[in-house]
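**Student:**
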Amino acid sequence: MNAISDIAIVGAALAGATAAKTLRDEGYDGRIHLFGAERHAPYIRPPLSKGYLAGSDDRASIDVLDASWYLDNNVDLHLGTRVSDLDPSGSVTTDDGTRYRFDRALLATGSTPRRLPIPGADLDGVVSLRTVDDSDRLRDTLQRGGRRIVLIGSGWIGMEVAATARTLGNEVTILERDPVPLAAALGDELGRFFARLHAEHDVRIRTSVAVESIVGENGHATGVRLADGETFPADLVVIGVGAVPLIELAERAGLDTGDGVLVDASLRTSAPAVFAAGDIAGAVHPLIDRRIRSEHWANAIDGGTTAARAMLGRPVTHDAIPYFYTDQFDLGMEYAGFAPLTRDAELVYRGDPASGEFIAFWLREGRVVAGMNVNIWDVNDDIKALVRSGEVVSLDALRDPNVPLDSLAASTSAR
Ligand SMILES: Cc1cc2nc3c(=O)[nH]c(=O)nc-3n(C[C@H](O)[C@H](O)[C@H](O)COP(=O)(O)OP(=O)(O)OC[C@H]3O[C@@H](n4cnc5c(N)ncnc54)[C@H](O)[C@@H]3O)c2cc1C
Numbered sequence: 010m011n012a013i014s015d016i017a018i019v020g021a022a023l024a025g026a027t028a029a030k031t032l033r034d035e036g037y038d039g040r041i042h043l044f045g046a047e048r049h050a051p052y053i054r055p056p057l058s059k060g061y062l063a064g065s066d067d068r069a070s071i072d073v074l075d076a077s078w079y080l081d082n083n084v085d086l087h088l089g090t091r092v093s094d095l096d097p098s099g100s101v102t103t104d105d106g107t108r109y110r111f112d113r114a115l116l117a118t119g120s121t122p123r124r125l126p127i128p129g130a131d132l133d134g135v136v137s138l139r140t141v142d143d144s145d146r147l148r149d150t151l152q153r154g155g156r157r158i159v160l161i162g163s164g165w166i167g168m169e170v171a172a173t174a175r176t177l178g179n180e181v182t183i184l185e186r187d188p189v190p191l192a193a194a195l196g197d198e199l200g201r202f203f204a205r206l207h208a209e210h211d212v213r214i215r216t217s218v219a220v221e222s223i224v225g226e227n228g229h230a231t232g233v234r235l236a237d238g239e240t241f242p243a244d245l246v247v248i249g250v251g252a253v254p255l256i257e258l259a260e261r262a263g264l265d266t267g268d269g270v271l272v273d274a275s276l277r278t279s280a281p282a283v284f285a286a287g288d289i290a291g292a293v294h295p296l297i298d299r300r301i302r303s304e305h306w307a308n309a310i311d312g313g314t315t316a317a318r319a320m321l322g323r324p325v326t327h328d329a330i331p332y333f334y335t336d337q338f339d340l341g342m343e344y345a346g347f348a349p350l351t352r353d354a355e356l357v358y359r360g361d362p363a364s365g366e367f368i369a370f371w372l373r374e375g376r377v378v379a380g381m382n383v384n385i386w387d388v389n390d391d392i393k394a395l396v397r398s399g400e401v402v403s404l405d406a407l408r409d410p411n412v413p414l415d416s417l418a419a420s421t422s423a424r
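Residue 10 is where the sequence shown starts when you use my numbering, and the numbers rise one by one after that.
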């Protein structure tokens, strides 16, 4: 293999910045171009719907790396610069027509909020949340308190924004198409658990509704109308109906795509010099031999790290157990495991969900495929180890809080 002297990373956010950092940590001293369409240096998004939105986390705390790191480590950070074309044989072109050659490239272009094609979605006062600029705008309104906030969609971001908005003293309504919030992620039983949490904090949740339009006056949203004519007055409407991976660049470059950019277990795309990581990468997970695409923070870190090593020719496999977390009101939760395997899985609890402190396990054929700890800490590595072990576990032991979890997965490691 020829020596690598030029690496281009497209997408200056968590996966991209983690990859740049890993390249330097691994001793790579060649050129790194890091291109970001946003004007901000790489930052992390989870606080945008939680502490940053609430005003408790300051701006510096959400940076992926210190502002000086890029200069100190000789990384060419091109902010406000969109890559418009990628030639898999070795170059990227930016919006202003400049071409940069590469020996290896990493695509880490992330996701964008799914649009809701209904009348009124483009009115002022209708927002979605992806960037720090979105969060700043939302925060301006929420922090005034006493506003009527209507959220369309009860996914993770919708539920988190609802919790933050309510905590800041706003009147909050969630409109959800499905019968139970978060059911797609957690199933009905645990989805209802989250619905109850919100109801206890006076968030109004209306499920099984069909949103027809956003109504407005003088160009500004004033409410959300359902198909049956019922209208929910709103000062601000937040659309949170999921995200779609930004794969156009990969598609135009002729890379294999499907649900995301298709990569192998080392995160290499169908073009040998091009890798993909973070939200856009759909990789076959070696443990379950199934392609998964994870839109979560930990996957951007793990993927950025793996892809950087793979670009340098190290023998690596992207095989971390998928992980994510959420904070809503006084609830903190961590989840580890394979969500696609939890459908029809057996649900087993350690602790009583009504107490607000418990662990839920999803099992298939006696094996833990996912687990979620709610307001219980320092157990998630043990849950990951259980999932990784693939061993049949005793249900009684799983349920019994006196049996240490690490004794159930003693022979395996957490990652
Ligand atoms: C509000 C919010 C809350 C979240 N909360 C959680 C949470 O609690 N837990 C959790 O696990 N995950 C959470 N996530 C998800 C997590 O933030 C994402 O999985 C993570 O940001 C993915 O990182 P990424 O680097 O792959 O992509 P992104 O963070 O989407 O970044 C991609 C970057 O690439 C840039 N880009 C795109 N196309 C181009 C181009 N052609 N040229 C140049 N640049 C380009 C984009 O502008 C963007 O800055 C949350 C996300 C949001 C939005």
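Note that the Cβ used here is the ideal one computed from N, Cα and C, for glycine as well.
1. For V388, is the beta carbon positioned less than 7 angstroms from some heavy atom of ligand 1?
2. Anyone know if the C-beta pair for L115 and M342 falls short of 8 angstroms?
3. Could you check which residue in H294, V233 and L350 has the C-alpha nearest to that of T326?
4. Please name the residue or residues paired with E180 in a DSSP beta bridge.
5. How many Å lie between D328 and D268 at the Cα?
6. Hey, is P128 close to ligand 1, as in C-beta under 7 angstroms from one of its heavy atoms?
7. Quick check on the DSSP output: the alpha helix (DSSP H) that includes D390 runs from which residue to which?
8. Along the chain, where does the alpha helix (DSSP H) containing R146 start, and where does it finish?
9. How about E343: is its Cβ closer than 7 angstroms to a heavy atom in ligand 1?
10. Which parts of the region 11–69 are runs of the alpha helix (DSSP H), unbroken and 4 residues or longer, counting only runs that do not cross its ends?
11. Distance check for A369 and M381, CA to CA, integer angstroms please.
12. Determine the direct distance from the alpha carbon of G346 to that of D361, and round the result to whole angstroms.
13. Need the endpoints of the beta strand (DSSP E) that S222 sits in, please.
14. Just to confirm my understanding: we take G119, look at its own chain, exclude 5 residues before and 5 after, and list those with CB closer than 7 angstroms. What are they?
15. Sort L88, G25, D72 and P97 by Cα distance to R261 and report the nearest one.
16. Just list the alpha helix (DSSP H) runs in the region 68–107, keeping only unbroken ones of 4 residues or longer that don't cross its boundaries, in chain order.
17. With three or more beta-carbon pairs closer than 8 angstroms as the criterion, would you say the region 44–57 touches the region 72–92?
18. Give every residue of the same chain whose Cβ lies closer than 7 angstroms to the Cβ of T231, excluding the five residues on either side of it in the sequence, and list them in chain order.
19. Identify whether S422 lies in helix, strand or coil by the three-state DSSP scheme.
20. Helix, strand or coil, according to DSSP, for W371 in the structure here?
21. Grouping DSSP H, G and I as helix and E and B as strand, with all else coil, what is I127?
22. Ligand 1 and A12: does the residue's C-beta get closer than 7 angstroms to at least one heavy atom of that ligand?
23. With E260 as the anchor, note down where its alpha helix (DSSP H) starts and where it stops.
24. Where does G267 sit, in a helix, a strand or coil, going by DSSP?
25. Since N384 contacts E366 with CB under 8 angstroms, what's their CB separation in whole angstroms?
26. Cutting at 7 angstroms between CB atoms, please list the residues of its own chain near G399, excluding the five before and the five after it.
27. Could you check the C-alpha separation between S275 and T314 for me, to the nearest Å?
28. If you drop the 5 nearest sequence neighbours on each side, which residues of the same chain put their C-beta closer than 6 angstroms to that of T421?
29. For L264, tell me which candidate among W78, G39 and L95 has the shortest Cα-Cα distance.
30. Which residue from I16, A354, R33 and I161 puts its Cα closest to that of T425?
31. Any heavy atom of ligand 3 closer than 7 angstroms to the CB of Y334?
32. Cβ of L372 versus every heavy atom of ligand 1: is any distance shorter than 7 angstroms?
33. Within the present structure, is the beta-carbon of I166 separated from the nearest heavy atom of ligand 1 by less than 7 angstroms?
34. Rank S70, R153, G154 and L191 by C-alpha distance to the C-alpha of W165 and give the top, closest one.
35. Find out if the Cβ-Cβ distance for the pair L138, V250 is shorter than 8 angstroms.
36. Just checking, does the region 55–66 make contact with the region 167–176 on the three C-beta pairs under 8 angstroms criterion?
**Tutor:** For this structure:
1. As a position in the sequence shown, residue 388 is number 379, starting the count at 1. No, Cβ of V388 sits at least 7 angstroms from all heavy atoms of ligand 1.
2. Start at 1 with the first residue of the sequence shown, and residue 115 comes out as number 106. Start at 1 with the first residue of the sequence shown, and residue 342 comes out as number 333. Not closer than 8 angstroms, so no.
3. Here the question's residue 326 lines up with position 317 in the sequence shown. Checked all of H294, V233 and L350; the closest Cα to T326 is H294.
4. The residue given as residue 180 occupies position 171 in the sequence shown. DSSP output for E180 lists R157 as bridge partner(s).
5. Here the question's residue 328 lines up with position 319 in the sequence shown. Here the question's residue 268 lines up with position 259 in the sequence shown. For D328 and D268, the distance between alpha carbons rounds to 19 angstroms.
6. Position 119 of the sequence shown, counted from the start, is the residue given in the question as residue 128. Not so, every heavy atom of ligand 1 lies at least 7 angstroms from the Cβ.
7. Locating residue 390 in the sequence shown gives position 381, counting from the first residue. Element bounds for D390: N389 to S398.
8. Along the sequence shown, one-based indexing puts residue 146 at 137. It spans V141 to L151 - the alpha helix (DSSP H) in which R146 sits, taken as one unbroken run.
9. Translated into the one-based positions of the sequence shown, residue 343 becomes position 334. No, Cβ of E343 sits at least 7 angstroms from all heavy atoms of ligand 1.
10. 23–34 and 60–63
11. Here the question's residue 381 lines up with position 372 in the sequence shown. Here the question's residue 369 lines up with position 360 in the sequence shown. For M381 and A369, the distance between alpha carbons rounds to 5 angstroms.
12. Residue 361 sits at position 352 when you count from the first residue of the sequence shown. Residue 346 sits at position 337 when you count from the first residue of the sequence shown. One C-alpha to the other measures close to 21 angstroms.
13. The residue labelled residue 222 in the question sits at position 213 within the sequence shown. Per DSSP, S222 belongs to the beta strand (DSSP E) from V220 to E226.
14. Taking the sequence shown and counting its residues from 1, the one referred to as residue 119 is at position 110. Taken in chain order, the residues that qualify are G20, A22, L255, G287, D288 and I289.
15. Your numbering for residue 261 matches position 252 in the sequence shown. Ranking the options by Cα distance to R261, first place goes to P97.
16. 78–81
17. yes
18. Taking the first residue of the sequence shown as 1, we reach residue 231 at position 222. So the list reads V224, G225, P242 and A243, once near-sequence residues are dropped.
19. Working through the sequence shown from its first residue, we reach residue 422 at position 413. Any reading at S422 is ruled out, since the residue's pLDDT is 43, under 50, leaving its predicted position unreliable.
20. As a working mapping, residue 371 is identified with position 362 in the sequence shown. The answer is strand: DSSP assigns W371 an E or B state.
21. Taking the sequence shown and counting its residues from 1, one reaches residue 127 at position 118. I127 falls in the coil class under three-state DSSP.
22. Position 3 of the sequence shown holds residue 12. Checking the Cβ of A12 against ligand 1 gives no.
23. Counting from one through the sequence shown, the residue named residue 260 turns up at place 251. Unbroken alpha helix (DSSP H) run through E260: E257 to R261.
24. Taking the sequence shown and counting its residues from 1, one reaches residue 267 at position 258. Looking at G267 - three-state DSSP - the assignment turns out to be strand.
25. Your numbering for residue 384 matches position 375 in the sequence shown. Your numbering for residue 366 matches position 357 in the sequence shown. Their Cβ separation, rounded to whole angstroms, is 4 angstroms, which keeps N384 and E366 in contact under 8 angstroms.
26. Here the question's residue 399 lines up with position 390 in the sequence shown. Contacts found: R376.
27. Translated into the one-based positions of the sequence shown, residue 275 becomes position 266. Translated into the one-based positions of the sequence shown, residue 314 becomes position 305. Approximately 11 angstroms between the Cα atoms of the pair.
28. Locating residue 421 in the sequence shown gives position 412, counting from the first residue. Legend: pLDDT at T421 = 46, less than 50; position of this residue unreliable, value from coordinates given subsequently. Excluding positions up to five away in sequence, the list reads A394, R397 and S398.
29. Indexing the sequence shown from 1 puts residue 264 at position 255. Of the candidates W78, G39 and L95, the one whose C-alpha sits nearest the C-alpha of L264 is L95.
30. Outside the displayed span of the chain (10 to 424) sits residue 425, for which this structure offers no information.
31. This structure lacks ligand 3; its bound ligands are ligand 1.
32. Against the sequence shown, residue 372 aligns to sequence position 363. Checking the Cβ of L372 against ligand 1 gives no.
33. Working through the sequence shown from its first residue, we reach residue 166 at position 157. Yes, since a heavy atom of ligand 1 falls inside the 7 angstroms radius drawn around the Cβ of I166.
34. Here residue 165 is taken as the residue at index 156 of the sequence shown, counted from 1. Comparing Cα-Cα distances from W165 to each of S70, R153, G154 and L191, the minimum goes to L191.
35. For the purposes of this step, residue 138 is taken as the residue at position 129 of the sequence shown. For the purposes of this step, residue 250 is taken as the residue at position 241 of the sequence shown. Taking 8 angstroms as the Cβ cut-off, L138 and V250 do not qualify as a contacting pair.
36. yes
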